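I have placed the structure first, in the form of structure tokens, so that the comments after it can refer back to it.
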Amino acid sequence: MREHLPFTLEDALRWKETYPTPFYVYDEESIRACVNEVYDAFSWNEGFKEYFAVKATPTPGILRLLKSLGCGADCASIPELMMAERSGITGSDIMFSSNETLISEYQAANKLGAIINLDDITQIEQMEKACGIPDTVCCRLNPGQFSDTNGIMGHQYDTKFGMKPDQLMEAYADLREKGVKHFGLHAMLSSCSLNQRYYPNLARELFTMVLRIHKILGIDIEFVDFSGGIGIPYRPEEKPIDMKKIGKDVRKVYDEILTANGLKVRIYTEMGRYITGPYGYLLTTAIGKKHIYKEYIGVDASACNLMRPAMYEAYHNIRVLGKEDLEEELTADVVGSLCENNDKFAINRGLPEIDLGDILVIEDAGAHGHSMGYNYNGKLRSAELLMHRDHSVTCIRRAQTPADYFGTLDVDPEFAAASESCILK
Ligand SMILES: *Cc1c(COP(=O)(O)O)cnc(C)c1O
Numbered sequence: 004m005r006e007h008l009p010f011t012l013e014d015a016l017r018w019k020e021t022y023p024t025p026f027y028v029y030d031e032e033s034i035r036a037c038v039n040e041v042y043d044a045f046s047w048n049e050g051f052k053e054y055f056a057v058k059a060t061p062t063p064g065i066l067r068l069l070k071s072l073g074c075g076a077d078c079a080s081i082p083e084l085m086m087a088e089r090s091g092i093t094g095s096d097i098m099f100s101s102n103e104t105l106i107s108e109y110q111a112a113n114k115l116g117a118i119i120n121l122d123d124i125t126q127i128e129q130m131e132k133a134c135g136i137p138d139t140v141c142c143r144l145n146p147g148q149f150s151d152t153n154g155i156m157g158h159q160y161d162t163k164f165g166m167k168p169d170q171l172m173e174a175y176a177d178l179r180e181k182g183v184k185h186f187g188l189h190a191m192l193s194s195c196s197l198n199q200r201y202y203p204n205l206a207r208e209l210f211t212m213v214l215r216i217h218k219i220l221g222i223d224i225e226f227v228d229f230s231g232g233i234g235i236p237y238r239p240e241e242k243p244i245d246m247k248k249i250g251k252d253v254r255k256v257y258d259e260i261l262t263a264n265g266l267k268v269r270i271y272t273e274m275g276r277y278i279t280g281p282y283g284y285l286l287t288t289a290i291g292k293k294h295i296y297k298e299y300i301g302v303d304a305s306a307c308n309l310m311r312p313a314m315y316e317a318y319h320n321i322r323v324l325g326k327e328d329l330e331e332e333l334t335a336d337v338v339g340s341l342c343e344n345n346d347k348f349a350i351n352r353g354l355p356e357i358d359l360g361d362i363l364v365i366e367d368a369g370a371h372g373h374s375m376g377y378n379y380n381g382k383l384r385s386a387e388l389l390m391h392r393d394h395s396v397t398c399i400r401r402a403q404t405p406a407d408y409f410g411t412l413d414v415d416p417e418f419a420a421a422s423e424s425c426i427l428k
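Its first residue numbered 4, the sequence shown is counted upward by one per residue in the working numbering.
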């Protein structure tokens with residue numbers, strides 16, 4: 004959560020005249036500032052690039068903004084590749100990091116000139132059959148144990164991603180033999196990490212591997228991809244990480260392991276959450292107040308609009324517009340309308356007294372928020388708005404309509420013929 008909301012009740016009421024709640028708002032200026040901060044922190048590294056993880060916020064209005072700031076895109080499916088391409092991100096500005104990859108996906112990625120990031124040694128053969136051997140290939144490491152000089156950080160024995168170090172070596176040797184000219188190394192060993200040492204430790208792991216590959220195989224890795232995994236402070240007591248310091252600490256490890264051995268690599272990241280997470284908000288209106296064994300505030304959004312609390316019991320701060328400074332006099336569950344008891348945005352949350360019609364802001368919803376939406380109970384997915392510096396908004400995705408929801412039923416002629424519903428007339 005951020006110290007202050009970047010908009011007011013008046014702004015929200017104005018937006019609501021055109022776009023009924025629930026809707027998402029993204030704060031353009033803050034996303035811009037965040038990306039610039041990341042590029043600043045790594046400006047010492049020639050060729051540094053952030054490949055935004057498209058799955059976090061797959062909306063062209065966001066991707067075009069990120070492209071204008073120098074970002075590429077990290078994709079894992081054909082529709083994500085299409086979205087990147089149509090947002091103007093093409094060629095090697097696309098990283099294709101998939102696992103359990105389809106022939107058609109290799110072909111699509113290769114056609115776009117995307118960098119293919121192989122998750123497993125058996126993918127070499129599959130890729131070759133599907134699209135031949137590209138000039139540039141990246142491989143994903145699973146080091147088993149993840150440690151730094153201070154000891155073990157965690158282990159990856161039960162994660163499905165990446166290759167074991169010995170398989171990785173074999174993969175690079177094989178790829179070279181097949182004609183690959185440029186190599187990358189990738190690993191994602193954490194998610195939502197607020198540990199300042201995560202990237203520096205990951206850098207140590209990966210740069211050490213780069214050195215090993217250089218010494219054993221004589222292959223010089225050209226780029227090292229830290230992927231995503233940097234967290235954001237969802238809870239009031241959590242502190243944001245210091246990106247500038249992370250950049251400096253990674254540089255120390257870089258100089259110690261790579262520069263000292265006459266090696267250099269471009270550093271890539273694939274952050275999603277860190278880039279847009281804190282700068283997206285779900286706005287929803289209070290439509291019910293219920294007192295049974297405890298207090299409930301009902302809202303017009305549901306887990307279909309933001310699944311994280313229901314799925315992971317994730318904490319999202321909630322503020323009531325116009326009542327930001329009032330005492331928390333109420334303890335309530337904030338709930339959506341699904342026929343599922345886990346459809347709760349907050350449980351036993353301290354809130355100011357709420358009146359029907361109040362607008363609640365569910366914070367830190369800018370990544371893995373709208374994108375994880377679904378249509379259970381026939382609930383429709385919400386619109387996404389981009390807020391500009393002057394607090395005007397552009398609609399970058401309209402809300403779903405029943406016609407969108409019924410779109411795939413065009414195979415059923417009887418249904419299609421009866422689709423003139425009386426309900427909305
Ligand atoms: C999900 C994912 C990311 C982005 O993760 P965040 O936690 O949003 O930073 C980056 N790279 C890969 C390969 C991923 O699967």
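The beta-carbon is built from N, C-alpha and C at its ideal position, and this holds for glycine as well.
Remember, predicted model here, so these are calculated numbers, not experimental data.
From the listed residues 166, 177, 408, the smallest Cα separation to residue 131 is found for 177. Selection 223, 284, 258, 96 evaluated against residue 203 yields 258 as nearest (Cα-Cα).
Contact between residue 54 and residue 76 holds, with the beta-carbon distance rounding to 6 Å and staying under 8 Å. Straight-line spacing of the CA atoms in residue 64 and residue 71 works out to 11 Å. Secondary structure at residue 284: strand, using DSSP grouped into helix, strand and coil. Per DSSP, the beta bridge partners of residue 144 are 166. The set of residues with CB atoms less than 7 Å from any heavy atom of ligand 1 reads, in chain order, 56, 58, 59, 77, 79, 100, 191, 194, 195, 230, 231, 232, 233, 273, 274, 275, 276, 277, 370, 371.
With distances taken between CA atoms, residue 81 lies nearest to 109 out of 109, 56, 67.
By the C-beta density criterion, residue 148 is exposed, having fewer than 16 other C-beta atoms within 10 angstroms. Distance check between residue 263 and each of 271, 254, 270 places 254 closest, using alpha-carbon atoms only. Taking 8 Å as the upper bound for CB-CB distance, residue 87 and residue 57 are in contact here, some 6 Å apart. Between residue 224 and residue 192, the C-beta spacing is not below 7 Å.
Residue 210 sits in a helix when the DSSP states are folded into three classes. The three-state secondary structure of residue 56, taken from DSSP, is strand. Between the C-alpha atoms of residue 285 and residue 26 there is a straight-line separation of about 6 Å.
Cβ-Cβ distances below 8 Å link residue 174 to 121, 124, 127, 142, 166 in the same chain, with the five nearest sequence neighbours on each side left out; the list follows chain order.
By the Cβ-count criterion, residue 186 is buried, with 16 or more other Cβ atoms from all chains shown falling within 10 Å of its own Cβ.
With contact defined as three or more Cβ pairs closer than 8 Å, the segment 333-341 and the segment 299-312 are in contact. Excluding sequence positions up to five before and after residue 69, its CB lies within less than 6 Å of the CB of 55, all in the same chain and listed in chain order. Note that the C-beta distance between residue 268 and residue 227 is below 7 Å. Under a 10 Å Cβ-count criterion, residue 287 is classified as buried, with 16 or more other Cβ atoms of the shown protein chains found around its own Cβ. For the pair residue 352 and residue 378, the Cα-to-Cα distance works out to about 26 Å.
In this structure, the CA atom of residue 45 is about 17 Å from the CA atom of residue 266. Annotation for residue 134: the continuous alpha helix (DSSP H) segment containing it runs 126-134.
As the crow flies, the alpha-carbon of residue 66 is around 15 Å from that of residue 277. Taking the C-beta atoms as reference points, residue 391 is found nearer than 7 Å to residue 31. Here residue 28 is bridged, per DSSP, to 284, 388. With respect to residue 28, residue 388 sits close: the two C-beta atoms are nearer than 7 Å. Under the Cβ criterion (8 Å, minimum of three pairs), the segment 325-336 counts as touching the segment 345-365.
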